[in-house]
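Below you'll find the structure, written out as structure tokens, and then a few comments.
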Amino acid sequence: MAKIKRILVANRGEIAVRIIRACRDLGVEAVAVYSDADREALHVRYASRAYRLGPAPAAESYLRIDRLLEVAAESGADAVHPGYGFLAENGDFARAVIDAGLTFIGPSPDVMESAGDKNRARQIAVAAGAPTVPGSPQPVEDAATASEIAADLGYPVMLKAVAGGGGKGMRRVDDPADIESSLRSASSEANSAFGDGRVYIEKAIINPRHVEIQILCDEHGNRIHLGERECSLQRRHQKVVEESPSPILSDDLRERMGVAALAIATEAGYTNAGTVEFLLDEKHDFYFIEVNARLQVEHAVTEMVTGIDLVAAQIWVAEGNPLPWKQEDVRLRGAAIECRIYAEDPANGFSPCPGLVEGLRVPGGPGIRDDSALYEGYEVPIYYDPMISKLVAWGPDRQTALSRMRRALQEYKVVGIATTIPLFQRIIEDPAFIAGDFNTGYLDELLQDGALGPDHDRHAEIDDIAAIAAALHTFLREESRAFQIRGGATSAWKISGRNSSLRNFLP
Amino acid sequence: MAKIKRILVANRGEIAVRIIRACRDLGVEAVAVYSDADREALHVRYASRAYRLGPAPAAESYLRIDRLLEVAAESGADAVHPGYGFLAENGDFARAVIDAGLTFIGPSPDVMESAGDKNRARQIAVAAGAPTVPGSPQPVEDAATASEIAADLGYPVMLKAVAGGGGKGMRRVDDPADIESSLRSASSEANSAFGDGRVYIEKAIINPRHVEIQILCDEHGNRIHLGERECSLQRRHQKVVEESPSPILSDDLRERMGVAALAIATEAGYTNAGTVEFLLDEKHDFYFIEVNARLQVEHAVTEMVTGIDLVAAQIWVAEGNPLPWKQEDVRLRGAAIECRIYAEDPANGFSPCPGLVEGLRVPGGPGIRDDSALYEGYEVPIYYDPMISKLVAWGPDRQTALSRMRRALQEYKVVGIATTIPLFQRIIEDPAFIAGDFNTGYLDELLQDGALGPDHDRHAEIDDIAAIAAALHTFLREESRAFQIRGGATSAWKISGRNSSLRNFLP
Amino acid sequence: MIIEVLLDGDESPRRYRVARNNGDVCLRRLGDKGNGANDGELVCLDWRTPEPRVYSLLVGGKSYDVHIDENANDEEALELHLMSRVIRARASDARKRRVVKEDGGPDGPVQITAPMPGRVVKVLAAEGTAVTRGDGIIVLEAMKMENELKAPRDGIVASVLVEEGQGVEGGALLATIE
Amino acid sequence: MIIEVLLDGDESPRRYRVARNNGDVCLRRLGDKGNGANDGELVCLDWRTPEPRVYSLLVGGKSYDVHIDENANDEEALELHLMSRVIRARASDARKRRVVKEDGGPDGPVQITAPMPGRVVKVLAAEGTAVTRGDGIIVLEAMKMENELKAPRDGIVASVLVEEGQGVEGGALLATIE
């Protein structure tokens, strides 16, 4: 295969910016696409070329395979990177790209579809000898069969939608008496969410951790893994904070999970970058759950500890080149942690907060990486996923990485829209998190306990300063209103402030 | 010695911010100091505590040892970090800090003063068996002696001020006939610059590279080096771009230079972090030039390749702890490069450009670190060194580090003041620089060749777009002036722009 | 000017007398009864606004960077970010606040509005329902997520102006609580 | 409107006819003689100003982020940053420019002013000296550095208003060239 010269980035937001940066680093041209909501977005401005797809709704723009192929042809692109989300795991899209004579930067469409089919993926894992969660690999149709299987597995069990994801159509059943009603409600929910009511049964893993292995495979049969990512911090089955390495994995366990992941990749004929996800139970036994046949949001933590640029590696492999690393070349240095910053208000049920970024101060200094699509003056649109930035901190050890993240979160100022930064500030001070003592239920429990509520961990000094600042702010607002100072309140306040450069304590 | 709890950072700007970040990462309180020009500076805002020193001029604020000690006492600091510049290499200051019962984060005052005395430092290097530039270790008084020494060394020779630095009182002499006049003028220049007209003679090293070794020594006799920094890119003897590793050092040469640097450190009884500077000639023979007894501006490139936080290490060692690393633990990964961004206009003879930062977009993504003191709304004061940011790029190899730096420079937008970013954009595209083929004369030659002039490397596409953008800008300004649109021209332009979301080519 | 500040989670407001003093802004915390007894120390603040909505305060040698957001619909409702904490508060000119109260201000009817364009997925509380603060009133789907709009205080749902399945604009009035 | 743009390093200006066309801004490059012959293609620009002084342009499918700084003392003197290059240019409304010229504009006297507060270290060209563009006129020390202020065009030094060693304010008039 020939060297890739021009890549159409079939995505938007921070991941499009991430891929465009890799293109620039490699001297490859990047072609951006945009909806009408994204004309001023950073990915349009940082790309070499940019083409409009259509109106703002994703169905009329970022999900339109026909328009993407038209743009690929018009722009002279020779490859397509799908990012994550949108069409990243859509076999039809990958196939259409390949049929148009272009390189699809990802696994083959067939492998992608196998990975996307829970049953098929499970069969591959079993064939590869990887441990899977005990349970039926087939959908169950009736309550009697379900009862029988559940009794064999032993309660608690999980009901899961065959077509599912994101927690929809998922039920944990603790009591045999509930199996029939749970099956009915899970199937009904799955049907309305995915148009496919089929459900299967697995043994419930108690208090599991979510640990995944990053793999990288070329088209010549070379496969390596890049260690694990600990992704147990989830809110409603969505990852929120990820880190590498996991605070609890031994070298031996990492090795065994890596070997299992690569065996699955071999069995599947996997190429390019991918992730094999596992649950880890309290005894540190691990169970395969699924393969993500694409780049993942949390890829940056792996990049920080391995020094390997995963997007550059994806492009390299897609060109047909052999991997330049053997397994023994992959060395983990230090620890990295990522916070997914969303335009959501954690104090208000995580409701999305699109809008204008009126002020922005980005953290910097040692160990900090900000993968964002923000700039001052950017308007976060209402149409898409509200993730606006991935903040990553690296340190020579986990404790330093956490300290640096704490510092960076404090430096980060996004004015004009609410973000989930306060959530991370809370998490990063939680003793259980600091100790690495958590599982996939940890965060939902923390939030239920009012972790972000007004009564959490009151601090007299902070309260005093907050009250003084609120009084000052209110005084200045009322004063400027009274004076009707020309030129806006802010500049008048600034002038007022300049008069008080000496701190005095008057009687 | 006890654990340090509260550090007074006796500096300002980006290095004060850098040290405060290290304090936060370590859970140590940072006390900032500020002059009247710096009340709103980032180092004041990021510190736990902040105290005013005095009026804006450094002599009345950052150089006032008495005020610094008062603030140290008032704030309850138990240690002082001097940063670089100001009092960082002032033995009296270090001594005063220690006499006040505080920990000085740096080498002992005596060692600092030995390092600062060129003659003494040279004697130490000779005693340590390190190669020095051939020449007289003593000042020469009369022309006859000078002629004799120069003839022995062989021309060309360098005359250097004993008290000197920054190129003042320095003369290269190629012809024996010029020795007398050069001695007179060098001595006179040295006298007016430093109040000390003493001059000594060295053999001139032809087309040298400037390569320095970072060392780290504890108080228990343990000493390691952290590899080299290539600092040959200098404008008028001031470093501008630094990288690690040097593009031309072999492992063997690195080892030999490291051993020489540590021998000097041992001879000097050096503690804490320091830098041993060498010249490297065309045959790759190296010659000791001086020891910098402090943290250096370019320390971040070493941090990126070794993973070691030098400021944290300084604090650790200052507490009396033994170094946690042995030499074999220091492994260089990849390559890092730093650009020192100044508020100077490279198109206008590098004249300083203080003023208001009206807009700021900081680069991000893989491998980028920004150590800056900027924020949108910050006013760069006229009173101090105009360095405002150190931009660092890391990559798994030098080529990738350079690509990432090129990308980051393009992303970096500082609106309102001129910066030296265009200079770096020029350097990073220069074939000799990319090939690693340069010496300390390279940059001055490049600038003499009109590297930043209007005729450099014209590019039809860029010219076309520039002309169109200039025409658009002028049209919009004149139009808005004609319409007298309320609310300011910019917002009116923005509205106009939104009407033209489709690109049309009309007849 | 007397400023009352009620921190979220506190029982009663803090009261400050704030005034200019030769250009400085100085404040004194008042006793709860406002009769001058139990008054705090007079503090003249060293403050700047280096960035929009950000105050740099130096108090007793300590440096604080405080970012204050006002609620777009209610300037007295503040969200303060400092020292990695978020503090919500209500702050008002005490005299002004009394006037508002008489007009039927904060204790009067409360409107539930759509924070952004979306679709009403569910109405959780019909007209006439008694609700307590924090109860869900309406579920709105926007940005691919369901958002539960909650009662900001105890009361009775006086009106529900939308139906399930209905699309609404950002800012649209959805329900009122009295 | 006819806009003339002279890129630094070019011999002669480029000329554009720029106009609104149904809200769009469209432009056409004119031949050097401005008689309509040799005119370029009409281009309706897809442009935005996402940040102050930054234009996002899409031209022929290509994306350009152009940051334009105006000289504080001379709005026609532009510095354009794009694609890692800096291009200096003069751009003006052609009609307006002719008027200015008759008034003794760009070709008239030029003032050398202090870009910031500092101290005059050296006067390099005395009154009456013939200078060519780029010749040093005055050396100003500020921010610990010496800065050579240069002649912006050929001419004669008509006046020097400062002496060596004198301190000056930012913006102070130091010399004129005619």
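Chains L, W, E and A, in that order, are what the protein sequence lines are.
Quick note on this note's numbering: the first sequence kicks off at 1 and runs consecutively.
Quick note on this note's numbering: the second sequence kicks off at 1001 and runs consecutively.
Quick note on this note's numbering: the third sequence kicks off at 2001 and runs consecutively.
Quick note on this note's numbering: the fourth sequence kicks off at 3001 and runs consecutively.
A virtual CB, placed ideally from N, CA and C, is assigned to each residue, including glycine.
These numbers were taken from a predicted model, which means no experiment stands behind them.
Are the stretch 289–297 of chain L and the stretch 267–279 of chain L touching, with three or more C-beta to C-beta distances below 8 Å?
Contact between the stretch 289–297 of chain L and the stretch 267–279 of chain L is present, because at least three Cβ pairs lie under 8 Å.
Whose C-alpha, out of 2009/E, 2002/E, 2007/E, 2010/E, is nearest the C-alpha of residue 2026/E?
If you number the third sequence from 1, residue 2026/E lands on position 26. Here the closest residue by C-alpha is 2002/E.
Suppose you measure from the CA of residue 1169/W to the CA of residue 49/L; what does that come to, to the nearest Å?
By 1-based counting over the second sequence, the position of residue 1169/W is 169. By 1-based counting over the first sequence, the position of residue 49/L is 49. The straight-line gap from Cα to Cα measures roughly 53 Å.
Please report the straight-line C-alpha distance between residue 1077/W and residue 22/L, rounded to a whole angstrom.
Position 77 of the second sequence holds residue 1077/W. Position 22 of the first sequence holds residue 22/L. Looking at the two C-alpha atoms, the distance is approximately 45 Å.
With DSSP collapsed to three states, give me the class of residue 1118/W.
In the second sequence, counting from the first residue as 1, residue 1118/W sits at position 118. Correct three-state label for residue 1118/W: helix.
Taking 7 Å as the limit between beta carbons, can you name the residues of its chain near residue 2102/E, skipping five residues before and five after?
To locate residue 2102/E, count along the third sequence from 1; it is residue 102. A caution first: residue 2102/E carries a pLDDT of 40, below 50, which makes its placement in the model unreliable, though a value can still be read off. Hits under 7 Å: none found.
Please list the partners that residue 1396/W has in chain L, where partner means a Cβ-to-Cβ separation under 8 Å.
What you label residue 1396/W is simply residue 396 of the second sequence in a count that begins at 1. Those are 307, 308, 309, listed as they occur along chain L.
Determine, using beta carbons only, whether residue 185/L comes closer than 8 Å to chain E.
Within the first sequence, the letter at position 185 stands for residue 185/L. Residue 185/L has a beta carbon lying at 8 Å or more from every beta carbon in chain E.
Would you list, in chain order, the members of the stretch 459–481 of chain L that have their beta-carbon closer than 9 Å to a beta-carbon of chain E?
459, 461, 462, 463, 464, 465, 466, 467, 468, 469, 470, 471, 472, 473, 474, 475, 476, 477, 478, 479
Helix or strand or just coil, what does DSSP make of residue 1434/W?
Looking up residue 1434/W in the second sequence gives position 434. Helix, per DSSP.
Leaving aside the five residues before and after residue 344/L along the sequence, list all residues of the same chain whose C-beta is less than 8 Å from its C-beta, in chain order.
Taking the first sequence and counting its residues from 1, the one referred to as residue 344/L is at position 344. In chain order, 350, 351, 352, 353, 386, 418, 419, 420 place their CB closer than 8 Å to the CB of residue 344/L, counting only its own chain and leaving out the 5 sequence neighbours on each side.
Which class does residue 1439/W belong to by DSSP, given the choice of helix, strand or coil?
For this step, residue 1439/W is matched to residue 439 along the second sequence. DSSP places residue 1439/W in coil when its eight states are reduced to three.
Between residue 2031/E and residue 2015/E, what straight-line distance do the alpha-carbon atoms span, to the nearest angstrom?
Reading the third sequence from its first residue, position 31 is the one you call residue 2031/E. Reading the third sequence from its first residue, position 15 is the one you call residue 2015/E. Approximately 7 Å between the Cα atoms of the pair.
Under the rule that 16 or more other beta-carbon atoms within 10 Å means buried, what is residue 2960/A, buried or exposed?
Beyond the ends of chain A as shown, which are 3001 and 3178, falls residue 2960/A; an answer cannot be given.
Using beta-carbon positions only, say whether residue 1369/W and residue 363/L come within less than 8 Å of one another.
Along the second sequence, one-based indexing puts residue 1369/W at 369. Along the first sequence, one-based indexing puts residue 363/L at 363. In this structure, residue 363/L does not lie closer than 8 Å to residue 1369/W by Cβ.
Short Cβ contact (8 Å threshold) for residue 3113/A with residue 3173/A:
Locating residue 3113/A in the fourth sequence gives position 113, where the first residue counts as 1. Locating residue 3173/A in the fourth sequence gives position 173, where the first residue counts as 1. In contact: residue 3113/A and residue 3173/A (Cβ atoms closer than 8 Å).
Which two residues bound the contiguous beta strand (DSSP E) that contains residue 1374/W?
The sequence position of residue 1374/W within the second sequence is 374, counting from 1. Counting along the chain, residue 1374/W falls outside any beta strand (DSSP E), and DSSP gives it neither H nor E.
For residue 247/L, which residues in the same chain have their Cβ closer than 7 Å to its Cβ, ignoring the five residues on either side in sequence?
Mapped onto the first sequence, residue 247/L falls at position 247. Cβ neighbours of residue 247/L beyond the five flanking positions: 230, 398, 436.
Tell me which residues share the same chain as residue 1189/W and place their Cβ nearer than 7 Å to its Cβ, disregarding the 5 neighbours each side in the sequence.
To locate residue 1189/W, count along the second sequence from 1; it is residue 189. Within the same chain, residue 1189/W has close Cβ partners 1168, 1169.
May I ask which residues mark the beginning and end of the beta strand (DSSP E) holding residue 1405/W?
Sequence index remark: in the second sequence, residue 1405/W carries index 405 (1-based). Residue 1405/W -> not in any beta strand (DSSP E); alpha helix (DSSP H) instead, spanning 1398–1411.
Go ahead and pull the three-state DSSP assignment for residue 1383/W.
Taking the first residue of the second sequence as 1, we reach residue 1383/W at position 383. Residue 1383/W: coil per DSSP, three-state reduction.
Within the same chain, show all residues whose beta-carbon is closer than 7 Å to that of residue 456/L, passing over the 5 residues directly before and after it, in chain order.
The residue given as residue 456/L occupies position 456 in the first sequence. Correct list, in chain order: 450.
Determine which residues share a DSSP beta bridge with residue 1278/W and list them.
In the second sequence, counting from the first residue as 1, residue 1278/W sits at position 278. Paired residue(s): 1211/W, 1288/W.
Among the candidates 15/L, 210/L, 329/L, 359/L, whose CA atom is the shortest distance from the CA of residue 86/L?
Numbered from its first residue, the first sequence carries residue 86/L at position 86. Answer by Cα proximity: 15/L.
Among the residues of its own chain, which have a CB less than 8 Å from the CB of residue 3119/A, if the five just before and after it don't count?
Mapped onto the fourth sequence, residue 3119/A falls at position 119. So the list reads 3140, 3141, 3142, 3165, 3166, 3167, 3168, once near-sequence residues are dropped.
For residue 24/L and residue 1404/W, I'd like the C-alpha separation in whole angstroms.
Reading the first sequence from its first residue, position 24 is the one you call residue 24/L. Reading the second sequence from its first residue, position 404 is the one you call residue 1404/W. Between residue 24/L and residue 1404/W, the C-alpha separation is close to 8 Å.
Taking 8 Å as the CB-CB limit, is residue 61/L close to chain W?
Locating residue 61/L in the first sequence gives position 61, where the first residue counts as 1. Chain W, which has no Cβ nearer than 8 Å to the Cβ of residue 61/L, makes this no.
Helix or strand or just coil, what does DSSP make of residue 1225/W?
Stepping through the second sequence from its first residue, residue 1225/W is reached at position 225. Note: residue 1225/W maps to strand in three-state DSSP.
How would you call residue 2074/E, buried or exposed, if buried means at least 16 neighbouring beta carbons within 10 angstroms?
If you number the third sequence from 1, residue 2074/E lands on position 74. Burial call: exposed.
What is the DSSP secondary structure of residue 3045/A, counted as helix, strand or coil?
As a working note, residue 3045/A is residue 45 in the fourth sequence. In the structure shown, residue 3045/A sits in coil (DSSP, three-state: anything other than H, G, I, E or B).
For residue 1062/W, name the three-state secondary structure that DSSP assigns.
What you label residue 1062/W is simply residue 62 of the second sequence in a count that begins at 1. Here residue 1062/W sits in coil by DSSP.
How about residue 403/L: is its C-beta nearer than 8 Å to some C-beta of chain W?
Translated into positions along the first sequence, residue 403/L becomes position 403. Answer yes: the Cβ-Cβ gap between residue 403/L and chain W drops below 8 Å somewhere.
Mind listing which residues of the stretch 1219–1252 of chain W have their C-beta closer than 7 Å to chain B's C-betas, in chain order?
The structure shown has no chain B; the protein chains it does contain are L, W, E and A.
Residue 2162/E to residue 2175/E, Cα distance in whole Å?
Working through the third sequence from its first residue, we reach residue 2162/E at position 162. Working through the third sequence from its first residue, we reach residue 2175/E at position 175. Distance between the alpha carbons of residue 2162/E and residue 2175/E: 8 Å.
Contact with chain E by residue 361/L, beta-carbon distance below 8 Å
The count along the first sequence starts at 1 and reaches residue 361/L at position 361. Judged by the 8 Å Cβ criterion, residue 361/L is in contact with chain E.
When the Cβ atoms of the stretch 278–286 of chain L are set against those of the stretch 203–211 of chain L, are three or more pairs found closer than 8 Å?
yes
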